[in-house]
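The block underneath contains the structure these notes are about, expressed in structure tokens.
4 protein chains.
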Amino acid sequence: MGNGMPMPFTPGSDMAGVVEAVGLGTTRFNQGDRVISSFNAGWIDGKLNNNAKNPHYNTIGYAYQGVLAEYVVMSEEWLVKAPQTLTDAEACTLVCAGLTAWFALIERGGLRAGETVLVQGTGGVALFALQIARAMGAEVFITSSSDAKLATAAALGASHCINRKKEDWVEAIHRLTNEQGIDHVVDTVGGRNFADSVRAVASHGRISLIGMMDTHDTSAPGAMLLLKSPTVQGIGVGQRRALGDLVRAVDWIKLKPVTDKSFRFDELPQALEQLDNGAFGKIVINVG
Amino acid sequence: MGNGMPMPFTPGSDMAGVVEAVGLGTTRFNQGDRVISSFNAGWIDGKLNNNAKNPHYNTIGYAYQGVLAEYVVMSEEWLVKAPQTLTDAEACTLVCAGLTAWFALIERGGLRAGETVLVQGTGGVALFALQIARAMGAEVFITSSSDAKLATAAALGASHCINRKKEDWVEAIHRLTNEQGIDHVVDTVGGRNFADSVRAVASHGRISLIGMMDTHDTSAPGAMLLLKSPTVQGIGVGQRRALGDLVRAVDWIKLKPVTDKSFRFDELPQALEQLDNGAFGKIVINVG
Amino acid sequence: MGNGMPMPFTPGSDMAGVVEAVGLGTTRFNQGDRVISSFNAGWIDGKLNNNAKNPHYNTIGYAYQGVLAEYVVMSEEWLVKAPQTLTDAEACTLVCAGLTAWFALIERGGLRAGETVLVQGTGGVALFALQIARAMGAEVFITSSSDAKLATAAALGASHCINRKKEDWVEAIHRLTNEQGIDHVVDTVGGRNFADSVRAVASHGRISLIGMMDTHDTSAPGAMLLLKSPTVQGIGVGQRRALGDLVRAVDWIKLKPVTDKSFRFDELPQALEQLDNGAFGKIVINVG
Amino acid sequence: MGNGMPMPFTPGSDMAGVVEAVGLGTTRFNQGDRVISSFNAGWIDGKLNNNAKNPHYNTIGYAYQGVLAEYVVMSEEWLVKAPQTLTDAEACTLVCAGLTAWFALIERGGLRAGETVLVQGTGGVALFALQIARAMGAEVFITSSSDAKLATAAALGASHCINRKKEDWVEAIHRLTNEQGIDHVVDTVGGRNFADSVRAVASHGRISLIGMMDTHDTSAPGAMLLLKSPTVQGIGVGQRRALGDLVRAVDWIKLKPVTDKSFRFDELPQALEQLDNGAFGKIVINVG
Numbered sequence: 001m002g003n004g005m006p007m008p009f010t011p012g013s014d015m016a017g018v019v020e021a022v023g024l025g026t027t028r029f030n031q032g033d034r035v036i037s038s039f040n041a042g043w044i045d046g047k048l049n050n051n052a053k054n055p056h057y058n059t060i061g062y063a064y065q066g067v068l069a070e071y072v073v074m075s076e077e078w079l080v081k082a083p084q085t086l087t088d089a090e091a092c093t094l095v096c097a098g099l100t101a102w103f104a105l106i107e108r109g110g111l112r113a114g115e116t117v118l119v120q121g122t123g124g125v126a127l128f129a130l131q132i133a134r135a136m137g138a139e140v141f142i143t144s145s146s147d148a149k150l151a152t153a154a155a156l157g158a159s160h161c162i163n164r165k166k167e168d169w170v171e172a173i174h175r176l177t178n179e180q181g182i183d184h185v186v187d188t189v190g191g192r193n194f195a196d197s198v199r200a201v202a203s204h205g206r207i208s209l210i211g212m213m214d215t216h217d218t219s220a221p222g223a224m225l226l227l228k229s230p231t232v233q234g235i236g237v238g239q240r241r242a243l244g245d246l247v248r249a250v251d252w253i254k255l256k257p258v259t260d261k262s263f264r265f266d267e268l269p270q271a272l273e274q275l276d277n278g279a280f281g282k283i284v285i286n287v288g
Numbered sequence: 001m002g003n004g005m006p007m008p009f010t011p012g013s014d015m016a017g018v019v020e021a022v023g024l025g026t027t028r029f030n031q032g033d034r035v036i037s038s039f040n041a042g043w044i045d046g047k048l049n050n051n052a053k054n055p056h057y058n059t060i061g062y063a064y065q066g067v068l069a070e071y072v073v074m075s076e077e078w079l080v081k082a083p084q085t086l087t088d089a090e091a092c093t094l095v096c097a098g099l100t101a102w103f104a105l106i107e108r109g110g111l112r113a114g115e116t117v118l119v120q121g122t123g124g125v126a127l128f129a130l131q132i133a134r135a136m137g138a139e140v141f142i143t144s145s146s147d148a149k150l151a152t153a154a155a156l157g158a159s160h161c162i163n164r165k166k167e168d169w170v171e172a173i174h175r176l177t178n179e180q181g182i183d184h185v186v187d188t189v190g191g192r193n194f195a196d197s198v199r200a201v202a203s204h205g206r207i208s209l210i211g212m213m214d215t216h217d218t219s220a221p222g223a224m225l226l227l228k229s230p231t232v233q234g235i236g237v238g239q240r241r242a243l244g245d246l247v248r249a250v251d252w253i254k255l256k257p258v259t260d261k262s263f264r265f266d267e268l269p270q271a272l273e274q275l276d277n278g279a280f281g282k283i284v285i286n287v288g
Numbered sequence: 001m002g003n004g005m006p007m008p009f010t011p012g013s014d015m016a017g018v019v020e021a022v023g024l025g026t027t028r029f030n031q032g033d034r035v036i037s038s039f040n041a042g043w044i045d046g047k048l049n050n051n052a053k054n055p056h057y058n059t060i061g062y063a064y065q066g067v068l069a070e071y072v073v074m075s076e077e078w079l080v081k082a083p084q085t086l087t088d089a090e091a092c093t094l095v096c097a098g099l100t101a102w103f104a105l106i107e108r109g110g111l112r113a114g115e116t117v118l119v120q121g122t123g124g125v126a127l128f129a130l131q132i133a134r135a136m137g138a139e140v141f142i143t144s145s146s147d148a149k150l151a152t153a154a155a156l157g158a159s160h161c162i163n164r165k166k167e168d169w170v171e172a173i174h175r176l177t178n179e180q181g182i183d184h185v186v187d188t189v190g191g192r193n194f195a196d197s198v199r200a201v202a203s204h205g206r207i208s209l210i211g212m213m214d215t216h217d218t219s220a221p222g223a224m225l226l227l228k229s230p231t232v233q234g235i236g237v238g239q240r241r242a243l244g245d246l247v248r249a250v251d252w253i254k255l256k257p258v259t260d261k262s263f264r265f266d267e268l269p270q271a272l273e274q275l276d277n278g279a280f281g282k283i284v285i286n287v288g
Numbered sequence: 001m002g003n004g005m006p007m008p009f010t011p012g013s014d015m016a017g018v019v020e021a022v023g024l025g026t027t028r029f030n031q032g033d034r035v036i037s038s039f040n041a042g043w044i045d046g047k048l049n050n051n052a053k054n055p056h057y058n059t060i061g062y063a064y065q066g067v068l069a070e071y072v073v074m075s076e077e078w079l080v081k082a083p084q085t086l087t088d089a090e091a092c093t094l095v096c097a098g099l100t101a102w103f104a105l106i107e108r109g110g111l112r113a114g115e116t117v118l119v120q121g122t123g124g125v126a127l128f129a130l131q132i133a134r135a136m137g138a139e140v141f142i143t144s145s146s147d148a149k150l151a152t153a154a155a156l157g158a159s160h161c162i163n164r165k166k167e168d169w170v171e172a173i174h175r176l177t178n179e180q181g182i183d184h185v186v187d188t189v190g191g192r193n194f195a196d197s198v199r200a201v202a203s204h205g206r207i208s209l210i211g212m213m214d215t216h217d218t219s220a221p222g223a224m225l226l227l228k229s230p231t232v233q234g235i236g237v238g239q240r241r242a243l244g245d246l247v248r249a250v251d252w253i254k255l256k257p258v259t260d261k262s263f264r265f266d267e268l269p270q271a272l273e274q275l276d277n278g279a280f281g282k283i284v285i286n287v288g
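Taken in sequence, the protein lines are chains Y, B, D and W. Okay, so the first sequence: first residue is 1 according to UniProt numbering, each after it adds one. Okay, so the second sequence: first residue is 1 according to UniProt numbering, each after it adds one. Okay, so the third sequence: first residue is 1 according to UniProt numbering, each after it adds one. Okay, so the fourth sequence: first residue is 1 according to UniProt numbering, each after it adds one.
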């Protein structure tokens with residue numbers, strides 16, 4: 001997504017750290033407070049005010065200088081307090097992947113205990129969706145092409161693990177739900193996969209569109225969209241207020257984000273290589 | 001949609017008439033009451049209980065014997081009282097087209113005065129959407145390929161009429177809304193048109209998917225769905241409770257459904273021909 | 001509500017005017033823009049962040065210096081654009097009374113065409129509630145002790161006018177609604193009147209608590225609150241975002257606020273006297 | 001609540017049992033199904049259709065013959081499937097107390113993980129509210145006059161236990177929440193206690209009015225209701241659809257209802273005596 005960012009450019013959107021100093025008129029934080037960054041800089045609450053023709057993507061580490069640095073300067077409006085029960089390495093994973101899952105399932109989805117949730121794959125958002133859904137008492141279905149990853153997902157709370165290499169996963173969903181389908185489909189793949197999400201969703205269920213792993217247009221048969229009448233909701237991370245809600249929830253549901261490996265600041269190339277290899281959980285860089 | 005209906009089969013889903021006689025234990029109606037039929041037989045309130053794999057379409061005149069008849073027998077649960085301010089010819093148009101527009105904009109959409117609504121074309125649902133939106137104080141945009149139809153739409157309350165043969169209608173929307181886009185897009189076309197609906201919709205706006213005029217899959221670029229994060233809602237008419245709400249509203253907003261021509265019962269062939277020719281407003285058959 | 005405001009103090013919360021000059025970094029307005037003030041200074045969107053033990057009342061003209069002045073300086077965050085279809089004298093009435101009625105009926109109430117609304121009396125909020133409800137296609141009931149005021153209310157769109165001196169108004173409501181009660185009760189009286197609002201409300205209806213004309217505690221029989229299960233909502237004006245929504249709506253529903261008399265700046269004592277005498281509509285001071 | 005029920009009358013509203021036989025045309029159940037009864041007979045989904053002047057109370061064991069019997073005959077519409085993870089003795093407790101708590105917190109309240117919930121006392125509804133709130137990841141506060149009951153409540157998941165005999169419980173709430181107050185107050189006392197609930201609730205929080213232990217009118221100072229703007233919701237148990245949702249949730253959150261003692265059918269007098277003595281958890285009669 002080349003966006004003409006000015007060079008030199010500091011990448012990175014997800015940060016946890018300590019407030020070293022505050023400017024004049026700061027009211028939200030004091031020196032020494034542990035904080036995490038807000039992904040959509042300046043989106044505080046309510047709807048995102050965006051342009052309909054050429055929507056901006058005003059995020060930290062993209063439109064604004066990022067956080068892969070020992071020290072950053074940013075508006076106090078772009079920060080929230082870190083959760084008390086997480087380390088910095090864990091807390092920084094909430095900023096994008098955690099909030100996206102929370103926003104889809106809770107803020108927009110109003111997930112209730114006893115509902116069914118489908119998670120596709122084991123990427124960062126998918127694992128948070130699995131953990132949040134399980135913590136809320138939902139019945140979680142997950143698909144993956146790896147039995148090993150499914151076993152780990154089961155340990156994290158997934159009740160139904162489907163290897164999509166071994167069977168048609170939509171048929172498995174129909175069978176496992178007695179053809180009732182899934183209340184909340186978290187579609188982190190997109191493109192042509194959306195048609196399968198529509199096949200899997202329950203009547204009047206919800207599909208959260210999050211990912212663009214498949215580069216084709218998002219598409220599905222129109223008849224199914226009318227007959228089953230799902231709510232389809234595009235998700236673009238979330239507001240600072242919702243991030244604060246997530247932080248509060250994390251402390252009470254004792255959610256421990258899944259992290260893959262940690263790297264030193266000077267190991268950034270190895271960290272990116274690990275990302276390319278397919279991590280299970282978030283990769284953390286310790287800049288300190 | 002061949003569905004193996006038993007022959008002889010009576011078609012027709014939309015009916016207004018008078019209760020001639022009631023069966024034992026009837027509590028909702030008395031002889032002489034003016035009533036209209038409910039499209040989705042047996043869907044009373046809340047979510048539609050449907051099969052996720054092979055969703056049924058349990059509607060009158062399709063899965064059940066229809067209403068193109070001088071007398072019909074049906075459960076009192078499938079009827080609601082007719083509005084007091086409409087003739088039978090007008091009242092019967094609420095059953096499918098009227099309720100679909102109401103369900104999209106009001107029941108699901110929560111439309112508020114001052115919001116923007118885009119109506120595509122001048123079909124039955126589109127005209128109801130135009131009239132309901134205008135009655136609720138919305139700012140209505142409409143597209144058509146006919147200047148004559150646009151002129152009639154303007155007389156019905158549309159504030160912005162766009163001839164999609166003469167200009168790119170999405171660009172017109174962007175220009176007319178100062179690139180803020182449309183709060184409620186009523187997409188009665190579907191298929192590849194959905195991509196244009198996504199281009200036209202406001203950030204965090206709503207697209208109601210209603211029609212299948214375009215037979216291709218419903219598709220749009222994934223990036224726009226994430227950046228603008230619209231709510232996309234498949235609409236399959238609505239419940240009996242919502243039909244009752246619409247009836248009550250019709251009397252208070254003095255909504256007069258647009259009807260095209262009326263035909264005698266024995267003119268059914270001509271009525272169907274008129275439908276094929278492209279009616280403006282609903283076609284009515286007087287069976288009495 | 002003596003709150004230790006510093007003297008000299010400028011009263012007044014509702015203002016319409018023109019931006020004379022903008023400070024460095026201003027982005028929301030330009031010189032020459034017509035604006036109105038936001039009642040709850042700093043409440044932009046979402047929930048009001050307030051203290052549960054000693055809730056503040058951070059409003060303009062109370063906690064902050066007010067607007068009864070030829071020139072005021074305030075943060076651009078405390079202003080919204082004025083509606084294009086209203087004069088300044090009309091526009092300033094939206095700030096408190098208009099937004100309160102809008103917030104109760106639309107933002108919180110989700111009012112739909114065809115629903116019933118009860119307005120109690122003919123104060124500023126009550127008249128806005130009447131006009132907004134009627135513009136949205138609701139069926140409006142109003143009570144007053146004056147036949148003359150009821151006649152004016154009828155001209156503004158009220159369908160059922162009840163003189164509470166001549167009959168028990170709750171019994172009138174029961175009779176007029178066929179004992180179904182009222183969907184949205186706008187209680188601008190409070191205190192012991194709340195019990196009558198509960199008697200009048202429909203099963204699962206809504207009561208918006210707005211006024212404190214009766215100084216007794218707000219009270220009602222518990223059994224009725226359980227059996228009819230209304231939603232009771234305290235209303236404290238509303239956010240800046242909702243004020244922007246109202247402004248947009250006003251232009252599209254052509255709402256013309258009811259104003260009583262206008263006074264010159266040096267006639268303030270007479271204006272306050274008129275207020276004490278019981279105005280019908282808002283009183284305006286032209287400070288220019 | 002003497003209601004002129006015909007004698008002989010069978011009391012009791014909460015039942016779990018097995019379908020012994022089904023009538024012609026039954027579709028929801030088969031012989032042998034484990035079922036529980038629905039409290040509000042005939043309230044299936046959506047709003048309760050009730051009279052505004054003299055609201056009915058059409059519940060089983062009150063307006064209809066009850067369930068304290070070895071065999072009962074009732075419409076299949078008045079039953080839902082029992083949860084798979086509960087015994088009959090546990091399952092029957094969901095019908096009234098369980099559904100009331102669920103309806104207040106989840107159906108109406110939309111409770112989210114991380115929010116604060118206040119439970120007053122340790123009655124049947126209160127204990128369910130505590131357990132449901134904790135299962136959803138909420139932070140639970142509870143008041144009681146007994147340290148022993150508070151200790152048991154702590155074991156059930158309450159994080160903050162306040163002995164209202166030893167301190168002003170509202171002041172304790174203010175202190176423990178850093179004066180932010182409580183997001184969801186479950187007021188099972190009513191009457192004059194409502195004023196304390198209003199003092200305790202957070203700005204824009206929610207108070208569910210459930211009980212009538214205090215026989216005075218429900219009352220609170222009007223100023224607090226406006227400044228804090230809580231949503232106050234009368235709760236009258238709930239619909240059959242919500243009971244089905246609760247049953248599904250119970251199986252997934254592994255909720256085990258708290259039961260006090262079980263009695264044989266012929267020990268009914270002792271059971272009622274135990275009820276009068278103040279049970280902790282629900283009392284069960286085994287009629288089999």
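Here a beta-carbon is modelled for each residue, glycine too, at the ideal position from N, C-alpha and C.
query, result
"Validate contact between the stretch 191 to 199 of chain Y and the stretch 72 to 81 of chain Y using beta carbons, cut 8 Å, 3 pairs", "no"
"Residues from the stretch 105 to 135 of chain B in contact with chain D, defined by Cβ distance under 7 Å", "I106, G110, R112, A113, G114, A135"
"Segment contact flag, the stretch 256 to 264 of chain B with the stretch 142 to 151 of chain D, C-beta cutoff 8 Å, min 3 pairs", "no"
"Validate contact between the stretch 37 to 50 of chain D and the stretch 45 to 56 of chain Y using beta carbons, cut 8 Å, 3 pairs", "yes"
"Inter-residue spacing [alpha-carbon to alpha-carbon] between B/H174 and B/G181", "6 Å"
"N- and C-terminal bounds of the alpha helix (DSSP H) containing B/K149", "147 to 155"
"Cβ contact (3+ pairs, closer than 8 Å) linking the stretch 232 to 242 of chain D and the stretch 78 to 95 of chain B", "no"
"Minimum Cβ-Cβ distance from W/D45 to chain B less than 9 Å", "yes"
"Coarse secondary structure for B/V189, derived from DSSP in three states", "coil"
"C-alpha distance - D/G205 paired with D/T116, whole-angstrom precision", "10 Å"
"Cβ-based contacts, 9 Å cut-off: residues of the stretch 41 to 74 of chain Y near chain B", "G46, K47, L48, N49, N50, N51, A52, K53, N54, P55, H56, Y57"
"Contact set for W/N58: own chain, Cβ-Cβ below 6 Å, skip 5 residues either direction", "A41"
"Inter-stretch contact (C-beta, 8 Å, three-pair minimum) for the stretch 243 to 251 of chain W and the stretch 99 to 118 of chain Y", "yes"
"Assigned secondary structure, residue 292 of chain D (DSSP; H/G/I helix, E/B strand, else coil)", "Because chain D is modelled from 1 through 288, residue 292 of chain D falls outside the range shown and cannot be assessed."
"As assigned by DSSP and simplified to three states, the class of D/V125", "helix"
"Interface residues of the stretch 224 to 251 of chain W facing chain B [CB-CB below 9 Å]", "Q239, R241"
"Which residues DSSP lists as bridging D/E139, in chain order", "D/T116"
"Same chain, Cβ closer than 8 Å to D/R134, five either side skipped, listed in chain order", "V140, L156, G157, A158"
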